[in-house]
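Structure first, then comments.
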Amino acid sequence: MSQPTPPPLPTAPAAPPTASAGITKIKDGKPHYYRLGIVGSKASGKTCLLAALSMARTPNPLGCTAVRLALEKNAAASFRDGDEWINSAVQALARGEWPDPTPNEDRRRSLRFRFTDGKTRQKYVELFDYSGELLNPAAADSVLAERLRGTLREVDGLLVLAEHPSSEQDAKRLEHDLNGLLRVFSLLNDERRRQPGRADRQVPIALLVNKWDRSPHFDPALSFACQMTVLAEKFLKQTPPPFHQTVANTLRPAADECFKVFPVSAIRPTRQEDGSEVPPTGGALHSMGVEDPFLWLIECVDDRALKQQRQHLFRLASWWMPPLPSFLLQSDFKAVKSRFESHTPEGRRAACLSWWARLLTLRQLALWLGFVMAVECGIDFWQHRTALSQIESSVEQDGWQKGVAWLRGYGESSPFRHTLYDYRLPKREALEKANEVVSQKDHDAFELIKRLMSETKLQDAGELARQQLSKFPNSRLADQRKAVIAEVERLRVEQEFEKQLNKWRDRLVDLSAKQSETKERIDGILQEIRTLEAEIRDAANVPLQGTLREQWSALLASVNPVRLKWAERLGSATAKDKIKQALDAGNYLDAADLLAVEPSAHPELLNQFQLSLPSWLREKIGTLSEQGAKWAVAVEEAEKYLQPSRRPVLTPVMQTAIEEIMLGTKRQGDSYLYELALKERNNASLDQYLSSAPLKSMAVEVSAYRQWLEDRQKPRAMTFRLMKIEWHSSQKAGWTDKTKIKLFVNGQGDSRNADEEKYWREGTTAISGGLRSVELSGLSQAETVKLNFQTWNVWWGDTSKSSLDQERSAEDWVKNPHVGDSAGNTLEIHVDGVLPEPHLPAWHLPQ
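In terms of my numbering, the sequence shown opens at residue 1018 and continues consecutively.
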């Protein structure tokens, strides 16, 4: 199979030059940041280089620019430290002073810049200072190597600063500062040569010969490209070679030949007569080559990313590669594509690679899908042949069920399964074939049941029907199999029941043939008969037909004669003993019940009962009647013997005697209830007599008295009349007497008083005027009326006063009409409208 070849990578056209400086803010969304590391000794000019990138400079001849981005609100601590570090350096340079050298500390400082390459694209960089970690002379080489490995894993590119020395002493110091870093890089290079498969990640490295303006080869009139040529051909190849050549030779293998040396002059100071250097003041800095190393590193990173994408394309072009890694690589293509704008050359190249990646991924998916479908088709072919051979087995074997299961699973599978083999065996035909096989096997299986039924092997037929019902639960012969099972079960039940009937019949014959006269043994036989009868009766729920039902009914009917025979034997053996025990214990009711069963069976005991019952009954009832309230119990006790079931054992004389005893007891009850009514004289006692008295001989008088009690409570009109007033005998004619009389109903003094007050000025007993009568309406006879009677006796200016308060019912005023005050004066009151008390005669028991 031929493999597609990716298109060649296009090159980007040049753009007009631009220049900018200072700090800017990001207004759009999050851009892609290139992570670059910078390493330089304490006097390598690293601070001045980064400060120059943050200050106004002369425009780059190629239009390259660099601006430092503003610190974000929630920036990390390393970015805050880096921003503070560069701000202080910028301020020092603005004052015409050199910034303090940055100590090589373990604390990492970070900055963010935006670069432009003179074209349309903007490139964002996160710059990390690793000098404190990688240039620590006190750290061992192994520690520095591990730190360098971590750095190479974190960054996309690395910048190493080696300034141009101004003296022999500066050259020695530079060599001393960078020796540790070079030894570590040498160790990594040796490991890479020994173990290429375990080599650490390689990144582009740019060596910056800083402070290039110190070099005697520096000519400000030359362009930057000429300066690069001078650096490579004159400075690095001079004899003896400078230390920078050693650094370049060590770093180049570590960068996989993606290495370049740049001359850089960030500040270009002014030299004094004494040879000292002073930073320029005022105007833009005359920097040279400060942006080019960063842009070259970014270009190398992009070029490596695009080359890696091309390698991925060649991997995707391999037909054997599974589609899952292809889908996973799509995220890498999208990430690289997102770095570039679509109208830039790099963006078009990345888009082209991403398009080819999607196309090759779809191709791989189609190839693998076809491969999987082909494999599935082969498996279906083999399984189909196996199923066809399985369904040819007999119904007694289980192999045909596996073939039917495969056909149904194949026919009911999802539309995405068995796509190729569906052209050879459509799923609908597979289902029809499965149903046809099941129907044929169902018919063959039922033929086996019919054969067993014809051979009268009912148990085997029933068991086989159950097994087939589990195999063919929804077949058209399921009801017939259920009928076979039901018929077999019915026959089994009838056979078992017939055996049980024979056992019950044998037990009943044995119980009927037994001979025994003892009461205990007869009780045991009766208990066995009752148990046997209960067992036979419980079998009524068994579904029986024909002669078995008739046999069961006949057996149940034959139990009763046997039970009655043994009951008669038990009765004749125990009746006499029970009657004698009842008579000896004075339990005449039980004795009467036992004798009434068969009065002529025990004549001597019947005679004893008839002779002793009247006297015993009279004595017992007399004892109860003496207690008064228990007369009803005595009557009930006597009535028990006159019940129809006990009359056969009573003679007419005995019946007459018992009736006379009952009549006397009722008279005693009548007398007791009437005496109770005479004693209490209230509605409760009168009602009890009328409802409970057995003879009610005084019912008319009691009813009249109860009616009088009810009328007495009803409201009526009453007249209170003043009959006379009798003064005390010490009164004299010369006195002036005054009398005040008031009537109060229930002590309330309301308006029911017809005349509230009257005055008499008579000193004699005759009353010629004043209060004569007071008529009160709506009073009951039991309601109380209060009389207030006051007198004043005035004699020659002396006044004596007497009074009384008397509260009585109207009935009591009738019984006692006179009242008197504390002075001995008396008053007589007569009340009209009061009911006269009726006469309730005393009890008289007729003889």
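For glycine and all other residues, C-beta sits at the position ideal for the given N, C-alpha and C. No experiment lies behind these values; they were computed from the predicted model shown.
**Q.** chain C contact for I1542 (CB, 9 angstroms cutoff)
**A.** Given the protein chain composition of this structure (a single chain), no chain C is represented.
**Q.** Nearest neighbour of D1309, chosen from K1140, S1826, S1061 [CA to CA]
**A.** The option with the nearest alpha carbon to D1309 is K1140.
Q | Length of the line joining the Cα atoms of G1416 and W1423 | A | Looking at the two C-alpha atoms, the distance is approximately 11 angstroms.
**Q.** Nearest neighbour of I1542, chosen from L1528, E1550, Q1625, A1447 [CA to CA]
**A.** Of the residues L1528, E1550, Q1625, A1447, the one whose Cα lies closest to the Cα of I1542 is L1528.
Q | Environment of E1180 [buried if 16+ CB atoms lie within 10 Å] | A | The residue is buried, with at least 16 neighbouring Cβ atoms inside 10 Å.
Q: In angstroms with no decimal places, state the Cα-to-Cα distance between S1183 and V1142.
A: Distance from the CA atom of S1183 to the CA atom of V1142, rounded to whole angstroms, is 31 angstroms.
Q | Segment contact, 8 angstroms Cβ cut-off, at least three pairs: the region 1184–1201 with the region 1089–1107 | A | The region 1184–1201, when compared against the region 1089–1107, does not touch it at the 8 angstroms Cβ threshold.
Q. Buried or exposed: which applies to V1848, given that a residue is buried once 16 or more other Cβ atoms fall within 10 Å of its Cβ?
A. It is buried - the Cβ of V1848 has at least 16 other Cβ atoms within 10 Å.
Q: Locate the beta strand (DSSP E) running through G1837, then write down its first and last residues.
A: 1835–1837 is the span of the beta strand (DSSP E), which, as asked, contains G1837.
Q) Any idea if R1356 is buried or exposed, counting beta-carbon neighbours within 10 angstroms, 16 or more meaning buried? A) So R1356 ends up on the buried side.
**Q.** Length of the line joining the Cα atoms of R1218 and L1169
**A.** Taking the straight line from one Cα to the other gives about 6 angstroms.
Q. Buried or exposed: which applies to V1579, given that a residue is buried once 16 or more other Cβ atoms fall within 10 Å of its Cβ?
A. By the neighbour-count rule (16 or more Cβ atoms within 10 Å), V1579 is buried.
Q.
What does the alpha-carbon distance come out to for the pair F1626 and Y1658?
A. Pairing F1626 with Y1658, the inter-Cα distance amounts to about 12 angstroms.
Q. What residue does the beta strand (DSSP E) around A1223 start on, and which one ends it?
A. Annotation: the continuous beta strand (DSSP E) that includes A1223 extends over 1222–1226.
(Q) With three or more C-beta pairs closer than 8 angstroms as the rule, is the region 1478–1497 touching the region 1510–1528? (A) Verdict: no, contact absent.
Q: Just grab the DSSP bridge partners of D1607 for me.
A: Partner(s): none; D1607 has no beta bridge.
Q: Check whether the region 1067–1083 touches the region 1190–1205, taking contact to mean three or more Cβ pairs, one atom from each stretch, closer than 8 angstroms.
A: The answer is no - the region 1190–1205 does not touch the region 1067–1083, with fewer than three Cβ pairs under 8 angstroms.
(Q) Assuming contact is defined by CB atoms lying nearer than 9 angstroms, are L1224 and H1193 in contact in what I supplied? (A) At the C-beta level, L1224 and H1193 stay beyond 9 angstroms of one another.
Q) Using DSSP with H/G/I as helix, E/B as strand and the rest coil, what is H1847? A) H1847: strand per DSSP, three-state reduction.
Q | Beta-ladder partner(s) of L1175, from DSSP | A | Answer is G1054, I1222.
Q. Taking DSSP as the reference, what is the three-state secondary structure of K1277?
A. In the three-state reduction of the DSSP assignment, K1277 falls in the strand class.
Q: Counting only runs of 3+ residues fully inside the region 1122–1151, write out the beta strand (DSSP E) ranges in chain order.
A: If we require 3 residues or more, the beta strand (DSSP E) runs fully inside the region 1122–1151 come out as 1126–1134, 1139–1146.
Q: Decide if L1508 is buried, meaning its Cβ has at least 16 other Cβ atoms within 10 Å, or exposed.
A: Here L1508 is exposed, its C-beta having fewer than 16 other C-beta atoms within 10 Å.
Q) Who pairs with E1180 in a beta bridge, going by DSSP? A) Paired residues: none, contrary to the question.
**Q.** 7 angstroms Cβ shell around L1475 - same chain, five flanking residues per side excluded
**A.** Closer than 7 angstroms at the Cβ level, and outside the excluded window around L1475, lie V1505, L1508.
Q: Figure out for me which residue from E1800, D1607, A1462 has the closest Cα to the Cα of R1729.
A: If we check each option's Cα against that of R1729, E1800 comes out closest.
**Q.** Segment contact flag, the region 1266–1279 with the region 1096–1110, C-beta cutoff 8 angstroms, min 3 pairs
**A.** Result no; under three Cβ-Cβ pairs closer than 8 angstroms.
Q | Counted within 10 angstroms of its Cβ, other Cβ atoms place H1435 as buried (16 or more) or exposed | A | With 16 or more other Cβ atoms inside 10 Å of its own Cβ, H1435 counts as buried.
**Q.** Alpha-carbon to alpha-carbon, G1479 and E1449
**A.** About 31 angstroms.
Q | CB of P1616 within 9 angstroms of CB of L1623, strictly | A | A Cβ-Cβ contact shorter than 9 angstroms links P1616 with L1623.
Q.
Between A1482, C1275, E1316, which has its C-alpha nearest E1464's C-alpha?
A. Considering only alpha carbons, the answer is A1482.
Q) Beta carbon of G1054, beta carbon of E1171: below 9 angstroms? A) Taking 9 angstroms as the Cβ cut-off, G1054 and E1171 qualify as a contacting pair.
Q) So, are the CB atoms of L1612 and V1666 less than 9 angstroms apart? A) Against a cut-off of 9 angstroms, the Cβ pair of V1666 and L1612 comes out as a contact.
Q | Buried/exposed call for E1706, threshold 16 Cβ in 10 Å | A | One detail in the question is off: residue 1706 reads as Tyr in this sequence, not Glu. Looking at its Cβ environment, which holds 16 or more other Cβ atoms inside 10 Å, Y1706 is buried.
Q | Pairwise C-alpha distance: V1652 and H1619 | A | Their backbone Cα atoms lie some 29 angstroms apart in a straight line.
**Q.** beta strand (DSSP E) runs wholly inside the region 1508–1572, at least 3 long, in chain order
**A.** With a minimum length of 3 residues, there is no unbroken run of beta strand (DSSP E) contained wholly in the region 1508–1572.
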